[in-house]
Amino acid sequence: MSQSDLAMGSHPVVLERSSPFAIPTKKLAMWLFIIADAATFAGCLVAYGFLRNGSLNWPTPFKFYPTVVNAMVMTFILVTSSLTMFLGVRAGKTGDRPAAVRWVLITALGGLIFAFLHLREWMGLIGEGVRLYKNPWGNNLFGAVFFSITGLHLTHVTVGVIVLIVVALRYKGGRSDADDLEITGLYWHFVDLVWMFVVPLVYLLNVSK
Amino acid sequence: MNLTRQAGAAAEYSDKLGKYLIVYVVILAIAGLQFVIAYQRIDVSAMLFRMLLLAIVEAVLAVVFFMHLGSENRTFVTWVAIVTIFVFAALQYSWTDSNRMERLSPPANNVGASQ
């Protein structure tokens, strides 16, 4: 076998054997993305911690109702959507195509509800006068870090919902397989995982007592 | 070895559902505990430590059970762990400067004001 044969992809089995870590390429790519994205979120959260630690008048404005209750509901929805995503992948791996599509679409619905609650909360805060550069309570950077971190997460949720719907429909039509569901599931679980850090650091450390 | 591990990864999805329901309930319970800690009358740094510890436990449960990282190639798992821990540890480098902002900047400003 020549190098050109390998380059032309005429021996896929040989190439698959040499796949790094013996993991399917798409799955490996998703893990690499997750590692990079984790570093992005970690950088944002540490920057937030840096500013909060270095500020004397950091505000703690979040009341039990509506903000903390809203965060509780959002957490419940996102963690539950991780379970439904797992059920979708599990159904796909066992060949139950209708159940897989149903669970993945339920997961997307959970993401949509999460995004709606998040936007409603944002509108409430904006109505109270919180902006990227000012707020009524204290350090002007509060709004910047709050909107940037939760906004980055909300962007991930929005993209995730779109991808979930697309992959579910493709899987239903036979154009995607169970591995694609699994890879999408990795992304969705990661979005859930990030929220587990955003809630305590951005919301719960800033509750009003 | 690799084929065995791949078969193991596929087998994870045919496990009994109860295991995953328990993990789901535990993650929810830990999240609930974080909300309780938020209303304790303790120092912010102690609160941060407890919340982060619980968040890390939640994350490990999600990665091991829902993302099935434990069933992947052992070299890959090690690589992911080392890279992630290194990046997270390197980010802590900024705390010294953050403390300088808090402790030194106000006195420096005050000195400037008195002159």
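Going line by line, the protein sequences match chains W and A. Following the numbering used here, the numbering of the first sequence begins with 1 at its first residue and continues without gaps. Following the numbering used here, the numbering of the second sequence begins with 1001 at its first residue and continues without gaps. The beta carbon of each residue, even a glycine, is placed where N, CA and C say it ideally should be. Owing to the predicted nature of the structure, the values given are computational and were not obtained by experimental measurement.
Against chain W, the beta carbon of V1083 of chain A has neighbours under 7 Å at I35, listed in chain order. Residues V161, L164, I165 of the same chain have their beta carbon placed closer than 6 Å to that of A108 of chain W, with the five preceding and five following residues left out of the count. Ranking A:I1082, A:T1078, A:N1073 by CA distance to the CA of P24 of chain W puts A:N1073 first. Within its own chain, the residues whose Cβ lies closer than 6 Å to the Cβ of W195 of chain W, once the five positions on either side in sequence are excluded, are L78, listed in chain order. Just so you know, the alpha carbons of S82 of chain W and I1022 of chain A end up roughly 13 Å apart. The Cβ neighbour count for Y1039 of chain A, taken over all protein chains shown within 10 Å, is under 16; the residue is labelled exposed. In this structure L193 of chain W touches A1059 of chain A by the C-beta definition: roughly 5 Å separates them, less than 8 Å. When DSSP states are grouped into helix, strand and coil, V207 of chain W belongs to the strand group. A contact is defined here as three or more CB-CB pairs under 8 Å, and the region 85 to 101 of chain W fails this definition with respect to the region 111 to 121 of chain W.
The alpha helix (DSSP H) runs of length 4 or more contained entirely in the region 64 to 133 of chain W are, from start to end of the chain, 69 to 93, 97 to 127. Leaving aside the five residues that flank T1084 of chain A on each side, none in its chain has a CB nearer than 7 Å to its CB.
Restricting attention to alpha helix (DSSP H) runs no shorter than 4 residues, the region 128 to 162 of chain W encloses none.
The continuous alpha helix (DSSP H) containing E182 of chain W extends over residues 178 to 198. Distances from the alpha-carbon of A22 of chain W to those of A:I1082, A:A1081, A:S1071 put A:S1071 closest. V167 of chain W is positioned such that its CB atom lies closer than 7 Å to that of T184 of chain W. Taking the Cα positions, L186 of chain W is about 11 Å away from L28 of chain W. The continuous stretches of alpha helix (DSSP H) do not include V1063 of chain A, and DSSP gives it neither H nor E. Neighbours of I1042 of chain A across chain W, judged by C-beta separation under 7 Å, do not exist; the nearest C-beta is about 11 Å away. Of all residues in the region 93 to 109 of chain W, only K93, T94 come within less than 9 Å of chain A when Cβ atoms are compared, listed by chain position.
W:V202 is the residue among W:V130, W:V202, W:S208, W:N206 whose C-alpha sits nearest the C-alpha of C44 of chain W. N70 of chain W is outside the set of residues whose beta carbon lies under 7 Å from a beta carbon in chain A. Counting along the chain, Q1034 of chain A sits inside the alpha helix (DSSP H) bounded by residues 1017 to 1038.
Distance check between G88 of chain W and each of W:D96, W:W103, W:T80, W:M74 places W:W103 closest, using alpha-carbon atoms only. Residue contact with chain W for S1045 of chain A: absent (no Cβ-Cβ distance below 7 Å to any residue of chain W). A distance below 8 Å between beta-carbons, with the five flanking residues on each side excluded, links V1077 of chain A to the following residues of its chain, in chain order: L1069, G1070. Listed along chain A is no residue with a C-beta nearer than 7 Å to that of T25 of chain W; the closest approach is about 13 Å.
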